[in-house]
């Protein structure tokens, strides 16, 4: 995989990186212009160059998400999501008669009603509740792609191996686009998640700027797909990553992403710090 | 919006268009090389140039999907999917106690069990069943993005207005990525659906070649988002389309897509013909 500036070096219109980079640098010897809000410590780095402490913090989420030992609470939430996945898998395009549809609707409505009046965690306020000991399920359990507790997620699994992000996903019947194949939109969604994890290997993750997916072959349903993500380059606050999706040995799609590293104190950074603290307290 | 060949004019590696275009053309005067499998009638055309009969066939799906009058069967399937959507919306990151989770899991498992032993439609074999009078729910009801009968779909609505594709979607809590925002992967997925509908306006739709999404601003949850898709150009079998996503007046993301028109007789064409026939028989 090579980096192609024509397709990836293309920042969003409102690129805060430009403003940030025009600030005076404190690296210049003999010049002290006061404490800058942005220092080179927080710029993305290539593999092996990032500050180990910071890298450890921003990649903790990936390691935690791939852990297999679940607390009873997380197992219970996963159990409910798994039951919902089975339901969705079976109800889509079913030929069951009308009375079966009606009875199932009553069951599912009753289940939904049970949650009426309870609160939900959102990313804001979620970690506070965890830190106060009121909840132990981490944020990523609820992701619409990797969340074991979110029925929308297949869920994908994701981990880092020797500086490469490896992910797997098996999309069932409900994700069908072309006959027997994963809907192209969900292939793109999976890449967004994989490349989002990949850019964190720079030590200074941020938000997606652009995502380009190239569909090489149909991506089959009901098969364990394998995704790879690699950090390809950094340039000031831009992070360039690439990914690939395989079904067996067949390359079905590739992707390129440009991410814009966020300033310390912006919400992704706050969340990473809080999640790391939450992990440490277990 | 302008077409940028550097980012969109980039066919998949195995591009069948090249092989097709090397076949002798019957347009050459005085030369008859027999019946070609590929004629200019099936090449994509710009708005206003496509054969009306063919355009009517390949866009029937869009008109049918935006119809508001549902048969009792389709309403029942939508009702079950809506109950499932409510369940998913409420269970994600809930703080309900363990006994509520357990009771809901029993409800949902019972609902899933009701479908055991029944068959599901897939794109293969689906239209045959419809044509034989065994089912009346059209394919698009089960799409993971626009399907009213698929709990994975928000669902999006989609329609054509004066040669422009207009779509809406409201993503709930379960689709959260950044705090309060739609996961970037689902923004990309929505664009794939919108641009897929847009390319059919060429009269000769095909498969996604590349999809590029550019994230301009955060895309909010719980808001009716508005998508637009426009046919920007055709070049042999390639179709160039562009899209935009708005929250109110704010442009949150843009997208470009390149699609490769498929040969008549390939599965998308067969499906379009069958769906059109199915519609006519109602």
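Chains as they are written, first to last, in our numbering: chain U, 1 to 282; chain P, 1001 to 1282. Cβ atoms here follow ideal geometry from the backbone N, Cα and C, with glycine treated the same way. Here the structure is a predicted model, which is why all the values come from computation and not from measurement.
The C-beta of residue 154 of chain U comes no closer than 8 Å to any C-beta of chain P. By DSSP's assignment, residue 1251 of chain P forms a beta bridge with P:1246. Membership of residue 91 of chain U in the alpha helix (DSSP H) is indicated by the continuous run 72 to 91.
With distances taken between CA atoms, residue 1095 of chain P lies nearest to U:139 out of U:54, U:98, U:59, U:139.
Interface criterion not met: the Cβ of residue 1203 of chain P is under 8 Å from no Cβ in chain U. Interface criterion met: the Cβ of residue 1215 of chain P is under 8 Å from a Cβ in chain U.
Closest by C-alpha distance to residue 1158 of chain P, out of P:1183, P:1228, P:1090, P:1092, is P:1228. The C-alpha of residue 185 of chain U lies about 33 Å from the C-alpha of residue 48 of chain U. For residue 1229 of chain P, there are no C-beta contacts with chain U under 8 Å, since the nearest C-beta of that chain is about 13 Å from it. Residue 1058 of chain P is a Cβ neighbour of residue 1200 of chain P, given a cutoff of 8 Å.
Using a Cβ-Cβ cut-off of 7 Å, residue 151 of chain U is close to 1088 of chain P, given in chain order. Within chain P, no C-beta atom comes less than 8 Å from the C-beta of residue 220 of chain U; the nearest is roughly 12 Å away. Spatial neighbours of residue 144 of chain U in its own chain (CB-CB distance under 6 Å, excluding positions within 5 residues in sequence) are listed in chain order as 150, 152, 153. Here the alpha carbons of residue 1238 of chain P and residue 1263 of chain P stand approximately 12 Å from one another. Close partners of residue 174 of chain U in chain P (Cβ separation under 7 Å): 1144, 1150, 1152.
Counting C-beta pairs closer than 8 Å gives three or more between the region 1240 to 1251 of chain P and the region 1192 to 1199 of chain P, which meets the contact rule. Residue 1252 of chain P is not a Cβ neighbour of residue 1212 of chain P, given a cutoff of 8 Å. Between residue 62 of chain U and residue 1084 of chain P, the CB-CB gap reaches or exceeds 8 Å.
In summary, residue 1072 of chain P is exposed, with fewer than 16 beta-carbon neighbours lying within 10 Å of its beta-carbon over all protein chains present.
In this structure, P:1156 is the residue among P:1205, P:1156, P:1164, P:1165 with its C-alpha nearest to the C-alpha of residue 1187 of chain P. Where residue 1101 of chain P is concerned, the enclosing alpha helix (DSSP H) starts and stops at 1098 to 1114. Taking C-beta atoms as the reference points, residue 1103 of chain P and residue 114 of chain U count as a pair closer than 8 Å.
Contact of residue 1246 of chain P with chain U is not assigned, every C-beta pair being separated by 8 Å or more. Neighbours of residue 107 of chain U in chain P, taken as residues at a C-beta separation under 8 Å, are given in chain order as 1107, 1108, 1110, 1111, 1114. Just measuring C-alpha positions, the residue of U:203, U:120, U:106 sitting nearest residue 163 of chain U is U:203.
Beyond the five residues adjoining it in sequence on each side, residue 81 of chain U comes within less than 7 Å, by CB distance, of 148, 149, 150, 151 in the same chain, given in chain order. Here residue 160 of chain U carries a strand assignment [DSSP, helix/strand/coil]. Look at the region 158 to 225 of chain U and you find these whole runs of beta strand (DSSP E), each 3 residues long or longer: 164 to 169, 206 to 215. Annotation for residue 183 of chain U: 175, 176, 177 place their beta carbon closer than 7 Å to its own, counting only its chain and skipping 5 residues before and after.
Look at residue 1243 of chain P: its C-beta is not under 8 Å from any C-beta on chain U. Relative to the Cα of residue 1112 of chain P, the nearest Cα in the group U:120, U:118, U:119, U:92 belongs to U:92. DSSP links residue 58 of chain U through a beta bridge to no other residue. The beta carbon of residue 200 of chain U does not come within 8 Å of any beta carbon belonging to chain P, so the residue lies off that interface. Beta-carbon to beta-carbon, residue 1207 of chain P and residue 1165 of chain P are separated by about 17 Å, too far to satisfy the 8 Å threshold. Interface flag for residue 1262 of chain P against chain U is unset, since no Cβ pair is found closer than 8 Å.
Legend: CB atoms of the region 63 to 74 of chain U lying less than 9 Å from CB atoms of chain P belong to residues 72, 73.
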